[in-house]
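Following: one structure in structure tokens, then a few remarks.
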Amino acid sequence: MSAEAPSILAAVELRGLPRLTWGWTAVGLAFLAVALGIGVLVGPVRTSPGDVLLALLSALHVRGAPGLADPGQASILWSLRLPRVVLGAIVGGMLATAGAAYQGVFRNPLADPYLLGAAAGAELGATLAIAFLAAASPAFVNVVPVAAFVGATLAVGAAYVLGRTVTGSRNPTTLILAGVAIASFLNAVQIYVQQAQTNSFRQVYTWILGRLVTAGWDGVLLIAPYVALSLAVILAHRRLLDTLGVGDEEAASLGVSARRVRLVVVAAATLGTAAAVAIAGTIAFVGIVIPHTIRLLVGRSYRVVIPLSMLGGAAFLVLADAAARSVASPAEVPIGVITALVGAPFFVAVMRSTRAAAM
Amino acid sequence: MRKHLCATSAKLVAQTDRAWRRRRSHFVQLIGAAGVALLAACGTGATTIAPAASTTGFPLTIKGGNGVTITLAKRPSHIVSLSPTATEMLFAISAGSQVVAVDDQSNYPSSAPMTKLSGFQPNIEAITTYSPDLVGASDDSGGHVHGLSGANIPVLIEPAAKDLNGAYAEIQQLGMATGHEANANSVVQKMRSDVATVVASVRKPPRPLSVYHELDETHYSATSHTFIGQAYSLLGLRNIADNASGSVPDYPQLSAEFIVSANPDLIVLADTKCCHQDARTIAARPGWSAVAAVKRGEIVAADDDIASRWGPRFVDFLRLVGQHVAELERQASAPATSG
Numbered sequence: 056m057s058a059e060a061p062s063i064l065a066a067v068e069l070r071g072l073p074r075l076t077w078g079w080t081a082v083g084l085a086f087l088a089v090a091l092g093i094g095v096l097v098g099p100v101r102t103s104p105g106d107v108l109l110a111l112l113s114a115l116h117v118r119g120a121p122g123l124a125d126p127g128q129a130s131i132l133w134s135l136r137l138p139r140v141v142l143g144a145i146v147g148g149m150l151a152t153a154g155a156a157y158q159g160v161f162r163n164p165l166a167d168p169y170l171l172g173a174a175a176g177a178e179l180g181a182t183l184a185i186a187f188l189a190a191a192s193p194a195f196v197n198v199v200p201v202a203a204f205v206g207a208t209l210a211v212g213a214a215y216v217l218g219r220t221v222t223g224s225r226n227p228t229t230l231i232l233a234g235v236a237i238a239s240f241l242n243a244v245q246i247y248v249q250q251a252q253t254n255s256f257r258q259v260y261t262w263i264l265g266r267l268v269t270a271g272w273d274g275v276l277l278i279a280p281y282v283a284l285s286l287a288v289i290l291a292h293r294r295l296l297d298t299l300g301v302g303d304e305e306a307a308s309l310g311v312s313a314r315r316v317r318l319v320v321v322a323a324a325t326l327g328t329a330a331a332v333a334i335a336g337t338i339a340f341v342g343i344v345i346p347h348t349i350r351l352l353v354g355r356s357y358r359v360v361i362p363l364s365m366l367g368g369a370a371f372l373v374l375a376d377a378a379a380r381s382v383a384s385p386a387e388v389p390i391g392v393i394t395a396l397v398g399a400p401f402f403v404a405v406m407r408s409t410r411a412a413a414m
Numbered sequence: 016m017r018k019h020l021c022a023t024s025a026k027l028v029a030q031t032d033r034a035w036r037r038r039r040s041h042f043v044q045l046i047g048a049a050g051v052a053l054l055a056a057c058g059t060g061a062t063t064i065a066p067a068a069s070t071t072g073f074p075l076t077i078k079g080g081n082g083v084t085i086t087l088a089k090r091p092s093h094i095v096s097l098s099p100t101a102t103e104m105l106f107a108i109s110a111g112s113q114v115v116a117v118d119d120q121s122n123y124p125s126s127a128p129m130t131k132l133s134g135f136q137p138n139i140e141a142i143t144t145y146s147p148d149l150v151g152a153s154d155d156s157g158g159h160v161h162g163l164s165g166a167n168i169p170v171l172i173e174p175a176a177k178d179l180n181g182a183y184a185e186i187q188q189l190g191m192a193t194g195h196e197a198n199a200n201s202v203v204q205k206m207r208s209d210v211a212t213v214v215a216s217v218r219k220p221p222r223p224l225s226v227y228h229e230l231d232e233t234h235y236s237a238t239s240h241t242f243i244g245q246a247y248s249l250l251g252l253r254n255i256a257d258n259a260s261g262s263v264p265d266y267p268q269l270s271a272e273f274i275v276s277a278n279p280d281l282i283v284l285a286d287t288k289c290c291h292q293d294a295r296t297i298a299a300r301p302g303w304s305a306v307a308a309v310k311r312g313e314i315v316a317a318d319d320d321i322a323s324r325w326g327p328r329f330v331d332f333l334r335l336v337g338q339h340v341a342e343l344e345r346q347a348s349a350p351a352t353s354g
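Line by line, the protein sequences are chains A and B.
Per this note's numbering, residue 56 is the first one in the first sequence, and the count goes up by one each step.
Per this note's numbering, residue 16 is the first one in the second sequence, and the count goes up by one each step.
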């Protein structure tokens, strides 16, 4: 069998994949815009679109803009609600994109951003920081996101090295198994530390459930550079992810090093996921449900799935957070509960309707 | 007869307490109103029963918060306490000399023999090495009652009290169980009169002042239906966590937005130890500078431990908050001097 045969087959298969259309881009952008609008307007404190506009103008020091009648409300909108909405969009977009990227890299529909131990590493890092550093001195309270970030990147790094050294093969399954092993090990250590330090139990638990609160604009600014870099790299590799989809050998015959693409995309997705998790905790489900919904609705090419997952994930998490802060208002519901509670039935509905349409 | 009635009411309390899911002392459990009312009656009436000799009254049969009857053949001399609140109560009623070991969270009083025993994950073997003749605990989440009963060690459950009367009843029951009934009664009487003094020292303003009670920096709070929350109702404060519609639990997580817009006059921090919060960190939170309590500096730094237990030191907490309330009311009633 010559090398051309798979190459031609692969090229033909790739040519048949759908491209991102302007129509779907517009739909994605509109969905995000609506979600942002709802996110800004919904909450324990009632606001009108005019209030939001005035709060924005006064916060940006626009000359001649009339101030909001109630300065307390302006402060709530600008300091509390807007950063939360923006953070939700960044984290949601990042997790959905990273999930799509992992699914492409590993050709595994169950892959999510936490597959290689990012969540377990972040949880252990945060637990150690809360139990030992933050408990020891108030100066270390801000160390928690840093520790989570370091934990996530170290865990995935360890999984990658382990996956390569154990067999040396190019099989992505080895990497997944290494990730599973690392995650289980780190989870065990995390639970041990948590049980031994009962004083910090609730803080750790709250962190793991995930939340978009308290950080303010600082949190947004802290993670924006990492997320921007990560998204840029993944977006740039969206065509190569399609190539990977036809198999490592076929990709090689098209002049693509599957191993190099895998390393770069995993590194980028891990960087972004670690940043998102560091601020927002381990919010589940977004990384799986959004890319698959896009696949079912629009098409399976990564040229479509990556950009639309970014928009869809951002919109979805903003809406989930709006629900989290208004369902039991003034009490909060953990956002992870909302993402799974709303996301799972929605996903099933999409799956059923698209299958019915296909038949 | 009275003893029987009290035991029955304690059982009633225990029965309404089935959904017990307490992980930390913050997550205190609801107790049925009927049981509390009956216990309140026990509390007041029991002050008349005061045997002087501490070794009399044994063997004794009492019913713990889990509804299980335990029998103490003689006055316990080797007590293990797995509950920080029970430890505080035991030492307050002068039963401290009978306590041989307390759990790793029982940090008060400092003379308590703290060990590595855990009240959350009790190791039954480790407990038996102290050869206890009574084990005190606040719940049976670790399943130790069954295990210790198998070793013929009685376990007395004193669950998180719903209100002061519940706490008084627990102190008196511990007094009975340790042969310090008279001391227990005088501790309860002292608490009653101290509470009355603090409450009397605070005038009720025409517009009730509002308060936000913080359990951690993610804005978990406590409503007035909790043990610690009754401090605010006693002082005539309006608790912003109560504003929720009916479905909200006793320990809701509030959103920062809601707290800032509720604009509380007073902020009580029960997270000074766990999370190192203080007036400075509160003022630095985004958007919080607009809150009345932050502007006036009316931020009370409470001791997390006192604010999460239902023991005799509740009076200290009440007094601390009372001082701030009195100060706020002085400011409010004083005529404006400038402008």
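Just so it is clear, CB atoms sit at the ideal spot from N, CA and C, and this is done for glycine as well.
Bear in mind that the values here come from a model prediction, so they are computed numbers and not experimental data.
Cβ neighbours of residue 92(B) in the same chain (closer than 8 Å, five flanking residues each side left out): 113, 148
Residues, ordered as in the chain, of the region 227 to 258 of chain A that lie near chain B by beta-carbon distance below 8 Å: 250, 253, 254, 255, 256, 257, 258
Short CB-CB distance (under 8 Å) between residue 135(A) and chain B: yes
CB of residue 168(A) within 8 Å of CB of residue 153(A), strictly: yes
Boundaries of the beta strand (DSSP E) in which residue 282(B) is found, first to last residue: 281 to 284
Beta carbon proximity, residue 103(A) to chain B, threshold 8 Å: no
Simplified DSSP assignment, three categories, for residue 380(A): helix
8 Å Cβ cutoff met for residue 338(A) and residue 146(A): yes
Limits of the unbroken beta strand (DSSP E) element including residue 94(B): 94 to 96
Straight-line Cα distance separating residue 239(A) from residue 330(B): 47 Å
Top-ranked residue by Cα proximity to residue 183(A), from 278(A), 214(A), 247(A): 247(A)
Contact list for residue 301(B) against chain A, beta-carbon separation under 9 Å: 130, 133, 134, 135, 138, 269, 270, 271, 272, 273
Range of the contiguous beta strand (DSSP E) that encloses residue 225(B): 225 to 229
CA-to-CA distance, residue 174(A) to residue 305(A), given in whole angstroms: 32 Å
Coil, strand or helix - residue 316(B) by DSSP: strand
Beta-ladder partner(s) of residue 138(B), from DSSP: Answer is none; residue 138(B) lacks a bridge partner.
Cβ neighbour criterion (16 or more within 10 Å) applied to residue 108(A): exposed
Under 7 Å by beta carbon: chain A residues contacting residue 267(B): 386
Contact belief for residue 314(B) with residue 282(B) at Cβ below 8 Å, rounded distance in angstroms: 5 Å
Local Cβ density within 10 Å of residue 167(B), reported as buried at 16 or more and exposed below that: exposed
Collapsed DSSP secondary structure at residue 235(B) in the structure displayed: strand
Residue span of the alpha helix (DSSP H) that contains residue 168(B), given as start and end: Run containing residue 168(B): none; DSSP gives neither H nor E here.
Neighbouring residues, chain A, relative to residue 276(B) (Cβ below 8 Å): 99, 100, 127, 128, 131
Cβ of residue 135(B) within 8 Å of any chain A Cβ: yes
Contact list for residue 122(B) against chain A, beta-carbon separation under 8 Å: Ordered by position in chain A, no residue passes the 8 Å Cβ test against residue 122(B), which lies about 10 Å from the chain.
Exposure of residue 348(B), with buried meaning 16 or more beta-carbon neighbours within 10 Å: exposed
Near-chain B residues of the region 367 to 380 of chain A - C-beta to any C-beta below 8 Å: 380
C-alpha distance - residue 214(B) paired with residue 176(B), whole-angstrom precision: 20 Å
Integer Cβ distance of residue 203(A) from residue 278(A), believed to fall under 8 Å: At roughly 11 Å, the Cβ-Cβ gap does not stay under 8 Å, so residue 203(A) and residue 278(A) are not in contact.
Three CB pairs or more closer than 8 Å across the region 84 to 100 of chain B and the region 146 to 160 of chain B: yes
Given 8 Å, three or more beta-carbon pairs between the region 356 to 367 of chain A and the region 244 to 256 of chain B: no
Contact with chain A by residue 258(B), beta-carbon distance below 8 Å: yes
Residues near residue 57(A) in its chain [Cβ-Cβ closer than 8 Å; skip 5 each side]: In this prediction, residue 57(A) has a pLDDT of 47, which is less than 50 and means its spatial position is unreliable; what the coordinates show is noted afterwards. Within the same chain, residue 57(A) has no close Cβ partners at all.
Per DSSP, the bridge partner or partners of residue 78(B): 84(B)
Nearest neighbour of residue 229(A), chosen from 314(A), 205(A), 282(A) [CA to CA]: 314(A)
Rounded C-alpha distance that separates residue 134(A) from residue 309(B): 16 Å
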